[in-house]
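J.:
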Amino acid sequence: MARIHAAVTTLLLVFLVAVAGTAYGQTPSPTPAQTDGIQASLESFPSHLGPEGVLRVGLQVTNKSARKAAGLKVQMAIYDGVPNRSSLERTYRGSLGRSIGSDTLSIADEIDPGRSKSITVEKPLSEIGFFRSAPDRVYPVRITVQSSSGAAKPIDSHMVFFAQP
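So in our numbering, the last spot in the sequence shown is 182, and the numbers never skip.
Here's what the structure looks like:
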């Protein structure tokens with residue numbers, strides 16, 4: 018019975034992520050995050066993951082500066098799971114909670130001025146010890162793209178995690 022209750026609660030939170038995201042102006046393809054140097058937008062994000070899953074994120078990165086953007090890095094940070102609706106609402110206002118894992122991934126590509134490039138970064142959840150016994154929840158994720166031309170504004174999204182299929 019407790020397992021059924023946990024599954025129903027998780028499914029409700031998944032539904033609320035979709036509805037609240039729309040209500041707060043966030044969609045699966047959010048408006049680009051931009052500074053004077055580079056702009057980044059989310060192209061793809063997994064619908065759900067399990068303990069052996071890979072957080073594979075597709076990004077569109079545009080160099081808005083007058084010089085080549087080199088030294089691209091993407092930081093992905095995952096935060097504590099959302100236990101209820103009010104906590105979920107706070108994540109849409111940027112209050113993501115405590116970080117449970119993060120990594121900065123280097124990208125070999127450079128982007129010429131005024132050009133865009135699609136990039137994909139991956140982080141296996143098996144490399145984050147927390148997910149070996151994590152509860153079924155929605156976990157906020159913040160993605161930040163940096164380069165020699167500056168850093169784009171962070172992109173916030175939500176990862177739906179199920180311990181078992």
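In this text, a Cβ means the ideal position worked out from N, Cα and C, and glycines have one as well.
Taking 8 Å as the cut-off, decide whether the C-beta atoms of S165 and A86 are in contact.
T.: Taking the sequence shown and counting its residues from 1, the one referred to as residue 165 is at position 148. Taking the sequence shown and counting its residues from 1, the one referred to as residue 86 is at position 69. Their beta carbons are under 8 Å apart, which means S165 touches A86 by this criterion.
J.: Over the uninterrupted alpha helix (DSSP H) stretch that includes E106, give me the two end residues.
T.: Looking up residue 106 in the sequence shown gives position 89. Here the alpha helix (DSSP H) through E106 covers R102 to T108.
J.: Where do the N-terminal and C-terminal ends of the beta strand (DSSP E) with F179 fall, by residue?
T.: The residue given as residue 179 occupies position 162 in the sequence shown. F179 -> no beta strand (DSSP E), and no H or E assigned at all.
J.: Three-state secondary structure (DSSP) at E144?
T.: Here residue 144 corresponds to residue number 127 of the sequence shown, with the count starting at 1. Residue state, collapsed to three classes: helix.
J.: So the beta strand (DSSP E) L113 belongs to, where does it begin and stop?
T.: By 1-based counting over the sequence shown, the position of residue 113 is 96. Run containing L113: none; DSSP gives neither H nor E here.
J.: Taking its Cβ as the centre, do 16 or more other Cβ atoms sit within 10 Å of R110, making it buried, or is it exposed?
T.: Here residue 110 corresponds to residue number 93 of the sequence shown, with the count starting at 1. Classification of R110: exposed, given that the 10 Å Cβ count is below 16.
J.: Within 10 Å of its beta-carbon, does Q181 have 16 or more other beta-carbons around it, so buried, or fewer, so exposed?
T.: Along the sequence shown, read from residue 1 onward, the residue named residue 181 stands at position 164. By the 10 Å Cβ count, Q181 comes out exposed.
J.: With DSSP as the reference, label R84 as helix, strand or coil.
T.: For the purposes of this step, residue 84 is taken as the residue at position 67 of the sequence shown. Coil, per DSSP.
J.: Do you know how far the Cα of Y96 is from the Cα of M176?
T.: As a working note, residue 176 is residue 159 in the sequence shown. As a working note, residue 96 is residue 79 in the sequence shown. Those two C-alpha atoms are separated by around 10 Å.
J.: List the DSSP bridge partners of L76.
T.: Start at 1 with the first residue of the sequence shown, and residue 76 comes out as number 59. In the DSSP output, where bridge partners are listed per residue, L76 has L59 and I136.
J.: Can you tell which of L66, L142, D126 and G146 has its C-alpha closest to the C-alpha of Q77?
T.: As a first step, residue 77 must be located in the sequence shown, where it is residue number 60. It is D126 whose Cα lies nearest to the Cα of Q77.
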